[in-house]
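Written out below as structure tokens is the structure these notes cover.
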Amino acid sequence: MRKKVTVVGAGHVGATLAQRIAETELADVVLVDVVEGVPQGKGLDLLEAGPVLGYDSNITGANSYDETAGSDIIVITAGLARKPGMSRDDLLAANGDIVKKVAQETAKRSPKAVIIVVTNPMDVMAFVVMKATGFPRERVIGMGGVLDSARFRTFIARELGVSVENTHAFVLGGHGDSMVPLPRYSTVAGIPITELMKKETIEKLVERTRNGGAEIVSLLKTGSAYYAPSAATLEMVEAILLDKKKILPCSAWLEGEYGVKGAFAGVPVKLGASGVEQVVEIRLGADEQAAFMKSVEAVRAGCEKFT
Ligand code: NAD
519 MRKKVTVVGA GHVGATLAQR IAETELADVV LVDVVEGVPQ GKGLDLLEAG PVLGYDSNIT
579 GANSYDETAG SDIIVITAGL ARKPGMSRDD LLAANGDIVK KVAQETAKRS PKAVIIVVTN
639 PMDVMAFVVM KATGFPRERV IGMGGVLDSA RFRTFIAREL GVSVENTHAF VLGGHGDSMV
699 PLPRYSTVAG IPITELMKKE TIEKLVERTR NGGAEIVSLL KTGSAYYAPS AATLEMVEAI
759 LLDKKKILPC SAWLEGEYGV KGAFAGVPVK LGASGVEQVV EIRLGADEQA AFMKSVEAVR
819 AGCEKFT
């Protein structure tokens, strides 16, 4: 029997993720959204692409949660975008309410699932999910680092004129603005980029990565990135479903690692069938540790509303 993945939020990220999962035949997909007809319509459209592309994954759309029962993975992309006149705090409260309800509805029907949180502010929403479900830390994971490192890898490859496949990038901390890139652990064919590029060039690429989300928003104007975010989420889904034990930068609940007790933060984790199977610790320099702690504090401040 094929594995089952529920994707809540059939918008840009959710529907593109459903497409990627179907095309790789990793699992059957249930797409859930509040808007009537949209998950059903997108689900049917994806199903009808199967004969042409040669996949047999089943894709179902729904406005309620019963169809999600027994899922192996739940991906939460449901949420609102910031509207004119809405403060960051208003958005935080609105998405917190949505994500809490989604987490409760899905967790009770799939009590053994691993939940991947995409909705922003992602690190805070992961906290909301863990609190709402009571799931252990292994099974609540935020997606952010894979996307940030994919952006960094893209820029490194283009700067050096090499294949993206030869690149490896290491990022820690919160997703986006407070990301902490580690250039000495970022490599091209195993060679640290600090040996391949000038410091100023690396700083320029780091800055572009940090603003990677905003760069896309300023081009699209009416939405945010979804091709790379859905690809990043797919890599996490695959690592879990295929029990790959892949080390990826994800937001995980820390219980003392990196000197942090009780907060979600972006760290390298080993992803396998049980979810987060290990938090991989590396030694940080004083500046890196300080930047990491600053990003943890920013996430903690966002979580206060939900404690
Ligand atoms: P979108 O607006 O295209 O899709 C969001 C969907 O959620 C909509 O279809 C909407 O109807 C649905 N929704 C709203 N309330 C719901 C509810 N209560 N139950 C079920 N569905 C509901 O947005 P998008 O571009 O797909 O982005 C989705 C989220 O992912 C946003 O919060 C965005 O900021 C975030 N995001 C995070 C990352 C990351 O790296 N973590 C990357 C990209 C996007």
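Residues in the sequence shown are numbered from 519 upward in steps of one, following my numbering.
Don't be surprised by glycine CBs; every beta carbon is placed ideally from N, CA and C.
Keep in mind the model is a prediction, meaning the values are calculated, not measured.
Taking aspartate 590 as part of the alpha helix (DSSP H), name the residues at either end of that continuous run. Premise fails: aspartate 590 is in no alpha helix (DSSP H) and is neither H nor E.
What did DSSP end up calling phenylalanine 782 once you bin it into helix, strand or coil? strand
With 16 as the cutoff for other CB atoms within 10 Å, does alanine 819 come out buried or exposed? exposed
Are there any heavy atoms of the ligand NAD lying less than 7 Å away from the beta-carbon of lysine 619, as far as the coordinates show? yes
Thinking C-beta only, is serine 589 closer than 8 Å to alanine 644? no
Quick one: what's got a C-beta closer than 6 Å to aspartate 761's C-beta in the same chain, skipping five residues either side? Gly790 and Ala791
Sort out for me which residues DSSP pairs glycine 561 with in a bridge. For glycine 561, which the question treats as bridged, DSSP gives no partner whatsoever.
What does DSSP give as the partner residue(s) for cysteine 768 in the beta ladder? Val785
Alpha carbons only, please: which of Ala650, Gly679, Ala687 and Gly660 is nearest the one belonging to alanine 668? Ala687
CA-to-CA distance, glutamate 773 to glutamate 598, given in whole angstroms: The displayed chain sequence assigns leucine, not glutamate, to residue 598. Approximately 31 Å between the Cα atoms of the pair.
Mind checking who glutamate 733 pairs with in its DSSP beta bridge? The partner list for glutamate 733 (beta bridge, DSSP) is empty, contrary to what the question assumes.
Give me the Cα-Cα distance between glutamine 558 and lysine 716, rounded to the nearest whole angstrom. 51 Å
Please identify the residue among Lys521, Val531 and Lys522 whose C-alpha is closest to the C-alpha of alanine 750. Val531
How big is the Cα-Cα spacing for aspartate 608 and glutamate 822? 14 Å
With a CB to CB cut of under 6 Å and the five nearest residues on each side skipped, what residues in its chain are close to lysine 764? Ala757 and Leu789
Reference isoleucine 616; option with closest CA among Val556, Glu718, Asp551 and Val547: Asp551
Just mark lysine 522 as buried or exposed, buried being the case when its beta carbon has 16 or more other beta carbons within 10 Å. buried
For the alpha helix (DSSP H) containing glycine 527, list its first residue and its last residue. Per DSSP, glycine 527 belongs to no alpha helix (DSSP H) and is neither H nor E.
Within the stretch 652-696, note down every full beta strand (DSSP E) run reaching 3 residues or more, in order along the chain. 658-660 and 689-691
Where does threonine 705 sit, in a helix, a strand or coil, going by DSSP? strand
Assign proline 569 to buried or exposed, taking buried as 16 or more other Cβ atoms, counted over all protein chains shown, within 10 Å of its Cβ. exposed
Nearest candidate by alpha-carbon position, reference glycine 652, set Phe670, Gly730 and Ile633: Ile633
Cα-Cα, which of Ala580, Ile594 and Glu566 is closest to proline 639? Ile594
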